[in-house]
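Below you'll find the structure, written out as structure tokens, and then a few comments.
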Amino acid sequence: MDRTSIDIYSENLYSMLFRNGDVGKNYIYEYIELESKRRKYLPEFGKPMDIIQFLVDNSNYVEEDVAKMGFQLQRVIESGIMIIANRLYSLVIELSIRHEECKELLEEQLSLIEMNNGSTHISFEMLDEMVLLDAFIKECFRMSGGTTFMLRNTTQDVVMSNGVTVPKGEYVCFNIQTHNRNPKLFGPNANSFDYKRHIRLGMKLSDASLANLIWGAGARICLARLYSVAIIKLVMAILIRNFEFFPNYRSQRNSKFEDLDASHYTILSDRNKTSGLYAIQRS
Ligand code: HEM
């Protein structure tokens, strides 16, 4: 097996680039092989919750073919990046329609620049100081969840507290849209966009609790949540500092509302013929 390969289906590509000095040596397979073996000897409570452990727990290929595991790792990372891109797109739509909030977010960024003696550099620690941005992103996520979330397949009959039995082998999922509009959790204005509620509640985007299930919960919670929070806040801060966004939608004729499992994002983007957003660079 060619361990310098980037992908099992194009084994020679990476080797060729490596020979030409265009890329460095690929250490990922050695790392996966070593780590997956090491994890076998760790006690259950000592196993880290990370992507390697996720692959070890879920892959048929452990030790059998480390390159296939590498390929799966690549797929997990690619899917994760696609989720982030998708979320960022929705957040930019929110920026384009929420100009009042956007002004407050810009002021927060400007005051951070001022505190940093005019430097526009964003350090990792500074992300923690972006309290309004954190709350804004969290509120957008709260309002956007679909009705199908955390899909599970039952491995045995499950009797629910109301007496209903879910038979073995059935698929069940969680309706996060309803959950996120529960007044018991979010107060009487649970249906409205009020991003400062999270500041009042002292809750952060990265928290995992009943009031923030965006990352899932329990043993299967998102492994990349801290990474995702950092990337999303960093990109949003750069966008807010540099651009003002405006929507450019035209209503789609003959569309039937009932046809769609719509969140407010789908209403704005998919249900309308969009000629895109436009951005104006700040001076
Ligand atoms: C805004 C971005 C993201 C959101 C909202 C998100 C959300 C979630 C949610 C809700 C789950 C739990 C699913 C369930 O219980 O059925 C999950 C699991 C997972 N996420 Fe993310 N995720 C994000 C980004 C990422 C990224 C960037 C990666 C990888 C680079 C990633 C890797 C994973 C993995 C491997 C799991 C499965 C964990 C397990 O089953 O043990 N996620 N994510």
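Take 48 as the starting number for the sequence shown in the working numbering and just add one per residue.
Built from N, CA and C at the ideal position, the CB exists for glycine as well.
As the structure is a computational prediction, the values presented were derived from the model and not from experiment.
{"Item": "Inter-stretch contact (C-beta, 8 Å, three-pair minimum) for the region 191-205 and the region 152-167", "Value": "no"}
{"Item": "Euclidean distance between Cα positions of R329 and C220", "Value": "43 Å"}
{"Item": "Outcome for G117 when other beta-carbon atoms lying within 10 angstroms are tallied against a minimum of 16", "Value": "buried"}
{"Item": "Separation of A277 from F171, as counted between CA atoms", "Value": "8 Å"}
{"Item": "Limits of the unbroken beta strand (DSSP E) element including A237", "Value": "Neither: A237 is in no beta strand (DSSP E) and is coded neither H nor E."}
{"Item": "Contact under 8 Å by Cβ, L179 with E141", "Value": "no"}
{"Item": "CB contact flag (F240, E176, <8 Å)", "Value": "no"}
{"Item": "The ligand HEM heavy atom lying under 7 Å from the CB of V219", "Value": "no"}
{"Item": "The region 244-257 touching the region 195-203, judged by at least three CB pairs closer than 8 Å", "Value": "no"}
{"Item": "DSSP three-state assignment for M197, whether helix, strand or coil", "Value": "strand"}
{"Item": "For N73, the three-state DSSP class (helix, strand or coil)", "Value": "coil"}
{"Item": "Rounded separation between S83 and F92 - CA only", "Value": "16 Å"}
{"Item": "Cutoff 7 Å; reference Y76; Cβ partners in own chain excluding five residues on either side", "Value": "R50, V113, A114 and G117"}
{"Item": "Where E151 sits in the DSSP three-state scheme", "Value": "helix"}
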